[in-house]
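Student: I'd like to ask some things about the structure below.
Number of protein chains: 2
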Amino acid sequence: MSTEQDKLVQIGELAKSLAITTRTIRYYEEIGLMGKTERIGGRARSYHKDDILRLKFILKLKNLGISLKEIEKLSDIFDINKKNFDVITPKLIEILDSHITRVDEKMADFSSLRKDIVEYRVRITNYLANNSDNRNPEY
Amino acid sequence: MSTEQDKLVQIGELAKSLAITTRTIRYYEEIGLMGKTERIGGRARSYHKDDILRLKFILKLKNLGISLKEIEKLSDIFDINKKNFDVITPKLIEILDSHITRVDEKMADFSSLRKDIVEYRVRITNYLANNSDNRNPEY
DNA sequence: AATCTTCTTGACCTTTACGTAAGCATAATT
DNA sequence: AATTATGCTTACGTAAAGGTCAAGAAGATT
Numbered sequence: 031m032s033t034e035q036d037k038l039v040q041i042g043e044l045a046k047s048l049a050i051t052t053r054t055i056r057y058y059e060e061i062g063l064m065g066k067t068e069r070i071g072g073r074a075r076s077y078h079k080d081d082i083l084r085l086k087f088i089l090k091l092k093n094l095g096i097s098l099k100e101i102e103k104l105s106d107i108f109d110i111n112k113k114n115f116d117v118i119t120p121k122l123i124e125i126l127d128s129h130i131t132r133v134d135e136k137m138a139d140f141s142s143l144r145k146d147i148v149e150y151r152v153r154i155t156n157y158l159a160n161n162s163d164n165r166n167p168e169y
Numbered sequence: 031m032s033t034e035q036d037k038l039v040q041i042g043e044l045a046k047s048l049a050i051t052t053r054t055i056r057y058y059e060e061i062g063l064m065g066k067t068e069r070i071g072g073r074a075r076s077y078h079k080d081d082i083l084r085l086k087f088i089l090k091l092k093n094l095g096i097s098l099k100e101i102e103k104l105s106d107i108f109d110i111n112k113k114n115f116d117v118i119t120p121k122l123i124e125i126l127d128s129h130i131t132r133v134d135e136k137m138a139d140f141s142s143l144r145k146d147i148v149e150y151r152v153r154i155t156n157y158l159a160n161n162s163d164n165r166n167p168e169y
């Protein structure tokens with residue numbers, strides 16, 4: 031329900047504001063990620079606050095390397111109001127929990143990679159500081 | 031220089047141990063990510079400790095959503111011994127620093143996403159706990 | 001000697017996530 | 001009225017990252 035008068039945003043402006051292309055937005059609609067978009071006079075797509083939030087959420091997930099197919103599942107979150115609440119909720123919590131776990135795992139991976147890189151950097155800079163004679167380096 | 035007698039690992043075993051396919055390993059060689067692999071009797075590929083470490087590193091990066099093309103640049107790290115040390119090092123440090131930054135950014139993104147998901151989960155479970163009459167939910 | 005098993009190199013196939021171009025409609029501007 | 005900007009759909013194109021199939025070689029096993 032969009033009671034307050036939403037600002038109508040058209041596809042071009044929206045794309046520009048999110049630094050993506052219009053094609054991307056239409057594509058997300060095409061594959062069902064964004065739902066049918068409201069049209070102005072039956073033609074030009076117009077986006078509301080809710081739509082924009084949803085798109086931002088999608089981009090956030092995508093940026094984290096989650097495929098559009100997987101995002102589609104998670105996107106049920108946004109369709110929940112249209113479905114039966116107590117049927118969907120346990121499943122939703124399950125999805126959320128599993129994604130929290132996945133996010134934690136990814137973060138651990140990143141943390142480990144960061145450690146690797148930093149350690150490597152330290153080894154190199156130490157070498158540079160202590161040793162000017164750089165034939166056959168061992169690090 | 032592989033002085034100690036390395037265990038020779040063949041492609042099938044290596045693939046199985048890393049839970050990938052032989053095609054993937056050959057593909058990485060094909061696009062230059064793994065360098066020419068040593069052969070047994072000029073035919074079957076054999077892998078040393080170093081090669082395996084390199085492959086593991088690649089998989090680690092890939093798992094974090096870094097493209098093979100980008101990994102290729104970072105992979106210079108492993109070729110460094112074959113090149114001139116002081117020519118390559120400043121560039122390498124630059125690469126490492128930029129990747130540390132990128133990793134930090136990604137981790138921040140994940141952290142933010144995790145917060146979103148957890149908050150959402152809390153809203154739902156609270157709703158479930160406080161409200162059994164679930165028509166037209168607002169969350 | 002025959003059969004497995006694992007390896008080899010091509011070569012083409014597939015999916016994902018869009019890019020890009022064609023041809024047309026509408027709205028705003030000159 | 002003509003141009004420009006933005007929008008629309010349809011449809012073919014593309015890069016990345018492998019999958020899959022073919023046809024054959026080499027080593028191990030029965």
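Chains A and B supply the protein sequences, listed in that same order.
With this note's numbering as the guide, the letters of the first sequence map in order to residues 31 to 169.
With this note's numbering as the guide, the letters of the second sequence map in order to residues 31 to 169.
Ideal Cβ placement from N, Cα and C applies to all residues, glycine included.
1. If you reduce the DSSP assignment to three classes, tell me which class B/A74 lands in.
2. Let me know the secondary structure DSSP gives B/N164 once reduced to three states.
3. Would you mind sorting A/I154 into buried or exposed? The rule is 16 or more other CB atoms within 10 Å of its CB.
4. Ignoring anything shorter than 4 residues, give me the alpha helix (DSSP H) runs that lie fully in the stretch 33-105 of chain B, in order along the chain.
5. Using only CA atoms, which one of B/T131, B/L91 and B/Y150 lies nearest to A/H129?
6. If you draw a straight line from the alpha carbon of B/R144 to that of A/F87, how long is it in whole angstroms?
7. Can the beta-carbon of B/I41 be found closer than 8 Å to that of B/R75?
8. So, under 8 Å CB-CB, B/N57 and B/T67 are touching, yes? Tell me the CB distance rounded to an integer number of Å.
9. Residues of chain A with CB under 9 Å from B/I123, in chain order?
10. Using a Cβ-Cβ cut-off of less than 9 Å, give me the residues of the stretch 138-150 of chain A that come near chain B, in sequence order.
11. Can you give the Cα-Cα distance for A/L94 and A/M137, rounded to whole angstroms?
12. Looking at A/I55: is its Cβ nearer than 8 Å to the Cβ of A/L44?
13. According to the neighbour-count rule (16 or more other Cβ atoms, all chains shown, within 10 Å of its Cβ), is A/Y169 buried or exposed?
14. Nearest-angstrom Cα distance between B/M31 and A/S142?
15. Taking the alpha carbon of B/I82 as the reference point, which residue from B/G65, B/N160, B/I96 and B/L98 has its own alpha carbon closest?
16. Using the Cβ count rule (16 or more neighbours within 10 Å means buried), how would you classify B/S47?
17. Take B/I123 as the anchor and find which of A/L104, A/T52, A/N156 and A/I96 has the nearest alpha-carbon.
18. Taking C-alpha atoms, which residue in B/I70, B/G71, B/I96 and B/S105 lies nearest to B/L85?
19. Measure from the alpha carbon of B/I147 to the alpha carbon of each residue in A/L89, A/V133 and A/F140, then state which is nearest.
20. Should A/K99 be flagged as near chain B, meaning a C-beta pair shorter than 8 Å?
21. In or out: B/L63 buried (at least 16 other Cβ within 10 Å) or exposed?
22. In the structure shown, what three-state DSSP assignment does B/V133 receive?
Tutor: According to the data block:
1. B/A74: strand per DSSP, three-state reduction.
2. Because B/N164 carries a pLDDT of 46, less than 50, the predicted location of this residue cannot be relied on, and the following value inherits that uncertainty. Three-state DSSP puts B/N164 in coil, outside helix and strand.
3. buried
4. 41-48, 52-60, 79-93 and 98-104
5. B/Y150
6. 12 Å
7. yes
8. According to the sequence as given, residue 57 of chain B is Tyr; it is not Asn. Contact flag wrong, Cβ pair sits at about 12 Å.
9. R151, I154, T155 and L158
10. For the stretch 138-150 of chain A, which is checked against every Cβ of chain B, the residues closer than 9 Å are D139, F140, S141, S142, L143, R144, D146, I147, V148 and Y150.
11. Approximately 11 Å between the Cα atoms of the pair.
12. yes
13. The predicted model places A/Y169 with a pLDDT of 42, which falls under 50 and marks its position as unreliable, so this point remains unresolved.
14. Annotation note: pLDDT 46 at B/M31 (below 50); position unreliable, coordinate value reported separately. Spanning the two alpha carbons is a distance of roughly 27 Å.
15. B/G65
16. exposed
17. A/N156
18. Nearest of B/I70, B/G71, B/I96 and B/S105 to B/L85, Cα basis: B/S105.
19. A/V133
20. no
21. buried
22. helix
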